[in-house]
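Enquirer: If you read the sequences in order, they're chains A and G.
Residue numbering for the first sequence follows this note's numbering, beginning at 3 and increasing consecutively.
Residue numbering for the second sequence follows this note's numbering, beginning at 3 and increasing consecutively.
Even glycine gets a Cβ: it sits at the ideal position worked out from N, Cα and C.
If you scroll down you'll find the structure; I have some questions about it.
Number of protein chains: 2
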Amino acid sequence: MVTLHHLEYSQSFRVLWLLEELDVDYELQLYNRDPETYLAPPEYKALSPTGAAPVITHGDLVLAESNAILEYLLDLYPSDELLPPAGSADRARHLFWFHASQGSMMTFMLMDSIFRIIEERVPFFLTPLVKAILGKASESVIHPRMGALLALAEEHLETQPWFGGDELSIADVSLSYPMESAAERGYITDEHPLSQDWLHRVYERPAFRSAKKKDGRESMVLPL
Amino acid sequence: MVTLHHLEYSQSFRVLWLLEELDVDYELQLYNRDPETYLAPPEYKALSPTGAAPVITHGDLVLAESNAILEYLLDLYPSDELLPPAGSADRARHLFWFHASQGSMMTFMLMDSIFRIIEERVPFFLTPLVKAILGKASESVIHPRMGALLALAEEHLETQPWFGGDELSIADVSLSYPMESAAERGYITDEHPLSQDWLHRVYERPAFRSAKKKDGRESMVLPL
Chain A
3 MVTLHHLEYS QSFRVLWLLE ELDVDYELQL YNRDPETYLA PPEYKALSPT GAAPVITHGD
63 LVLAESNAIL EYLLDLYPSD ELLPPAGSAD RARHLFWFHA SQGSMMTFML MDSIFRIIEE
123 RVPFFLTPLV KAILGKASES VIHPRMGALL ALAEEHLETQ PWFGGDELSI ADVSLSYPME
183 SAAERGYITD EHPLSQDWLH RVYERPAFRS AKKKDGRESM VLPL
Chain G
3 MVTLHHLEYS QSFRVLWLLE ELDVDYELQL YNRDPETYLA PPEYKALSPT GAAPVITHGD
63 LVLAESNAIL EYLLDLYPSD ELLPPAGSAD RARHLFWFHA SQGSMMTFML MDSIFRIIEE
123 RVPFFLTPLV KAILGKASES VIHPRMGALL ALAEEHLETQ PWFGGDELSI ADVSLSYPME
183 SAAERGYITD EHPLSQDWLH RVYERPAFRS AKKKDGRESM VLPL
């Protein structure tokens, strides 16, 4: 049986959601962040091969890295819907979004977080200067790249309801975290109605709701 | 037939390498960066769905995102060595590194690049201040996370020669770019002899050398 080591307000929520979609038996261990620093507790860092969430254990295996875990779970519990097989109509679309989720969108959302943390931590008299410098970097890198990804999302969601195609795939599961981050931070705007609709469809999945219940937090992403 | 649209000094070099490993027919189109700004040319940006490299075209399909392309090519030209199948001994190790490559290591290397660019572009009298601020962020985020990944790399390379396990897999192909970046920027040090050996093994692959020949550049990564 797989054990999910779930760190509150972290990328591991997606693994919880997938386990609920798969409707399989699993063990859930919940870890809280330090209330002051928001860091993972020392026992979580010791468990995780990379020091970061999510982590699953399965027999002797300790596996980290979100998309590796999602794919490994589909090895254990195969589904042609959640993972369109090679040669299927939705394959290329699924592959693109599954990899763009962690390889591009999460990268820019993490960069956005780090810029915000830097801005908060500098002495107050430096804040305007640092905001101006990082704002320029954000405008020249994060905004155009996120804008291109979200424009493409609108284009794709016009033809099929899920990033995986006609059915929800682990591309959608993976994207839920950076897309919720993008919505909370104002990257998803009125110009992205289909992305907003997609987020609502995600939140209304019965499996997503049971994952939420087990998680007990109001959002996936740490509220800012 | 697949066409690789290869932007010089970019992540698309890995796709070129994989096509050479697969030893299949393909078309290669080479694009140069702007010699002043190092940006991709407008025709490349117009072609790429995300505006970024790499991109392949295959019939009507235009596919971006490095790992999506590597996996798509393995759909077309299956290989149990380059992509250990579900249930095989090297599967979890392959999955971890394949996803950690773009989901973690590339993220930190991109962040490192952006910090360097910010430092270069601020007015000279601000450089020491900005270097101090970004240096602190780098020490608290990039260095510990890269350190954990490289320590894990050393541990894994002690038991098997490739990140994919006993044989080279697309995990290795994917990692070649962030690992070369990590070596050039001083993240891979004398504490990482097995990572250095791995890089040499990569550079000595006959397919890597033919890719280099077709590319014609002295490195994958833009020299700093």
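1. For F127/A and chain G, any beta-carbon pair shorter than 8 angstroms?
2. So if DSSP puts E193/G in a beta bridge, which residue, or which two residues, is it bridged to?
3. Any beta-carbon of chain G closer than 8 angstroms to the one on V143/A?
4. Could you check the C-alpha separation between Y205/G and E169/G for me, to the nearest Å?
5. Measure the beta-carbon distance from T52/G to A66/A and round it to whole angstroms, keeping in mind my assumption that it falls under 8 angstroms.
6. The beta strand (DSSP E) with E29/G in it runs from where to where?
7. Please check if any C-beta of chain G sits within less than 8 angstroms of the C-beta of I190/A.
8. What are the residues of the segment 62–75 of chain G that lie near chain A, defined by any Cβ-Cβ distance shorter than 8 angstroms?
9. Curious, which full-length alpha helix (DSSP H) runs of at least 4 residues does the segment 99–153 of chain G contain?
10. My assumption, with CB atoms under 8 angstroms, is that G105/A sits in contact with Q31/G. Please give the rounded CB distance.
11. Answer with yes or no whether the minimum CB distance from D174/G to chain A is below 8 angstroms.
12. DSSP three-state label for L170/G, please.
13. Mind listing the chain G neighbours of R93/A? Cutoff is C-beta to C-beta under 7 angstroms, in chain order.
14. Is the separation between the beta-carbon of L159/A and that of S197/A shorter than 8 angstroms?
15. Could you spell out where the alpha helix (DSSP H) holding L84/A opens and where it closes?
16. If I'm right that P87/G touches I71/G with Cβ under 8 angstroms, what's the distance once you round it to whole angstroms?
17. If we define contact as Cβ-Cβ less than 8 angstroms, is L112/G a contact residue for chain A?
18. Could one say the Cβ of L18/A lies closer than 8 angstroms to chain G's Cβ atoms, at least one of them?
19. Please return the same chain residues whose Cβ sits closer than 8 angstroms to the Cβ of T129/A, not counting the five positions on each side in sequence.
Expert: By the coordinates alone:
1. no
2. E193/G is not bridged to any residue.
3. yes
4. 15 angstroms
5. With a Cβ gap of about 26 angstroms, T52/G and A66/A do not count as contacting.
6. Y28 to Y33
7. no
8. L63, L65, A66, E67, S68, N69, A70, E73 and Y74
9. 108–123 and 129–139
10. Not quite, the Cβ-Cβ distance comes to about 23 angstroms (not below 8 angstroms), so this is no contact.
11. no
12. coil
13. D77
14. yes
15. Per DSSP, L84/A belongs to no alpha helix (DSSP H) and is neither H nor E.
16. Contact flag wrong, Cβ pair sits at about 20 angstroms.
17. yes
18. no
19. E121
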